[in-house]
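Quick notes on the structure that follows.
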Amino acid sequence: MSFTCGIYGLTGLPGAFQAALHGVLTGKQYEQAVRGTMSCGGCTSSRGSFIGACLGAQIGLEGIPSSWTAKTLRYDSLLDHAKKITKHHQ
Numbered sequence: 075m076s077f078t079c080g081i082y083g084l085t086g087l088p089g090a091f092q093a094a095l096h097g098v099l100t101g102k103q104y105e106q107a108v109r110g111t112m113s114c115g116g117c118t119s120s121r122g123s124f125i126g127a128c129l130g131a132q133i134g135l136e137g138i139p140s141s142w143t144a145k146t147l148r149y150d151s152l153l154d155h156a157k158k159i160t161k162h163h164q
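For the sequence shown, the positions run 75 to 164 when the working numbering is used.
Spelled out as structure tokens, the structure:
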């Protein structure tokens with residue numbers, strides 16, 4: 075994926091949101107899309123969170139690299155909480 079860092083020359087919220095949407099719409103793999111937005115600099119945490127949430131919902135847990143989940147503090151607890159939240163909305 076060729077990640078576009080400067081979407082239409084916009085900065086701040088409009089640019090960050092459009093860059094996040096671009097990552098979601100063009101990203102085929104979770105890791106590639108998240109790493110792509112991180113390489114752009116700027117507000118990477120908000121873009122990465124948005125892209126990760128959207129692609130995680132589309133791809134599922136199996137799309138998230140196991141090397142990333144292994145390094146996530148309290149991953150099992152977070153996963154349990156996420157399952158409880160989604161159970162309430164089914």
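Backbone N, C-alpha and C define an ideal beta-carbon position, used for all residues, glycine too.
Using 8 Å for Cβ pairs, my map puts residue i next to residue j. What's the rounded Cβ distance?
i: alanine 90; j: cysteine 117; result: 5 Å
i: glycine 101; j: alanine 107; result: 3 Å
i: threonine 146; j: leucine 152; result: 7 Å
Of all the options the options, which has the alpha carbon lying nearest to the alpha carbon of residue i?
i: threonine 143; options: Gly126, Gly97, Lys158; result: Gly126
i: glutamate 105; options: Glu136, Gln92, Gly115, Ser120; result: Glu136
i: alanine 156; options: Pro139, Gly130, Ser141, Ser140; result: Gly130
Classify residue i: buried if its beta carbon has 16 or more other beta carbons within 10 angstroms, exposed otherwise.
i: threonine 111; result: buried
i: arginine 148; result: exposed
i: glycine 97; result: buried
i: arginine 121; result: buried
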